[in-house]
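Q: Per our numbering, residue 7 is the first one in the sequence shown, and the count goes up by one each step.
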Amino acid sequence: MGVGISGGGYTDTQTAPAPEFPEMRGMGCSGAGHRGGPSQRYARHGLKAVLVESIADKWFSDYLMCPDCGGELLFDGRAARCADCGFQRVDGALVDLRPLRPAPRQISLTVVPAVSPENRLNAIDTEQPNMSYDGPSPLRSSRGLMSEICRYLPEPGDVLDLGCGPRDQAIPLEYLGHRYVGIDRASSAADLLADAHALPFRSATFDCVLSYAVLEHLHNPIIRFWRFGRLSRC
Ligand SMILES: [Zn+2]
7 MGVGISGGGY TDTQTAPAPE FPEMRGMGCS GAGHRGGPSQ RYARHGLKAV
57 LVESIADKWF SDYLMCPDCG GELLFDGRAA RCADCGFQRV DGALVDLRPL
107 RPAPRQISLT VVPAVSPENR LNAIDTEQPN MSYDGPSPLR SSRGLMSEIC
157 RYLPEPGDVL DLGCGPRDQA IPLEYLGHRY VGIDRASSAA DLLADAHALP
207 FRSATFDCVL SYAVLEHLHN PIIRFWRFGR LSRC
């Protein structure tokens, strides 16, 4: 079980602008790189380290697609362009894959008339999970959640944190050996800016999709749940 807080350097972008330091381009966000020269050079100038890494170098780059049309995305640094529909986001402080064109979303749901909402509510397991997780605690405590993830995903996998906020759940998930990507509508700590109603990920890409205290912020949670299902490899 390894501790790999690979996103730590990227999170620093929330507290500092992205100055052009050419020597940092193309560097990975590994802990080794972050602890080395760049951080110290920035510290000497009273700045936090900002790692300017191309999105194409991220582990999840092959999973990405255009949020407007589902087409192939081309990346240049943190700028993104769709090869099919003209979607384009210029280089900014964060990789921005929020959709540009509102579009109707067609979904299909199976409704079982014999099952009442009351029965569905009664079927929800409200018992506390077996608290098996004893790793580091993030800003928002998630010991129960991580215990459930250990149960359903015992081997290292790819995890999407949808609505990651401060990106604090990267700490326990990477401690458990998972690859983590956090997206958010507005948080400057996120790996990507994205919209839960038009996710920029291909189907069947993640072993687990995590969403912590997000439902109440959505315009249409049903679309979000439908898109959740599409992302799962299970
Ligand atoms: Zn497109």
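By construction, the Cβ of each residue, glycine as well, lies at the ideal position given by its N, Cα and C atoms. Here the structure is a predicted model, which is why all the values come from computation and not from measurement.
Less than 8 Å between the CB of PHE93 and some heavy atom of ligand 1, yes or no?
A: Yes.
Q: Hey, how far is the Cα of ARG191 from the Cα of HIS203?
A: Using only the alpha carbons, I get a separation of about 10 Å.
Q: Counting only the same chain and skipping the five closest in sequence on each side, list residues whose C-beta sits under 6 Å from that of HIS225.
A: Cβ within range, chain order: n/a, list empty.
Q: Looking at the structure shown, is PRO44 part of a helix, part of a strand, or coil, going by DSSP?
A: Low confidence applies here, because PRO44 scores a pLDDT of 36, under 50, leaving its location unreliable and the question unanswered by this model.
Q: Would the C-beta of ASP213 count as close to ligand 1, meaning under 8 Å from any of its heavy atoms?
A: No; taking the cut-off as 8 Å, the Cβ of ASP213 has no heavy atom of ligand 1 nearer than that.
Q: At what residues does the beta strand (DSSP E) containing ALA176 begin and finish?
A: That residue, ALA176, is in no beta strand (DSSP E); its alpha helix (DSSP H) goes 176-181.
Q: Just confirm the distance between the C-beta atoms of LEU80 and PRO206, as a whole number of angstroms; I'd bet it's less than 8 Å.
A: Contact doesn't hold; Cβ gap of about 13 Å is too wide.
Q: Cα separation between PRO73 and LEU199?
A: Going by the C-alpha atoms only, they are around 11 Å apart.
Q: Does the Cβ of ASP90 lie closer than 8 Å to at least one heavy atom of ligand 1?
A: Checking every heavy atom of ligand 1 against the Cβ of ASP90, one is found closer than 8 Å.
Q: Sort out for me which residues DSSP pairs ALA86 with in a bridge.
A: Paired residues: PHE81 and ARG95.
Q: ARG185 lies in the beta strand (DSSP E); which residues open and close that run?
A: 185-190 is the extent of the beta strand (DSSP E) around ARG185.
Q: Apply the 10 Å Cβ neighbour rule to HIS184 and answer buried if 16 or more other Cβ atoms are within range, or exposed otherwise.
A: Label assigned to HIS184: buried.
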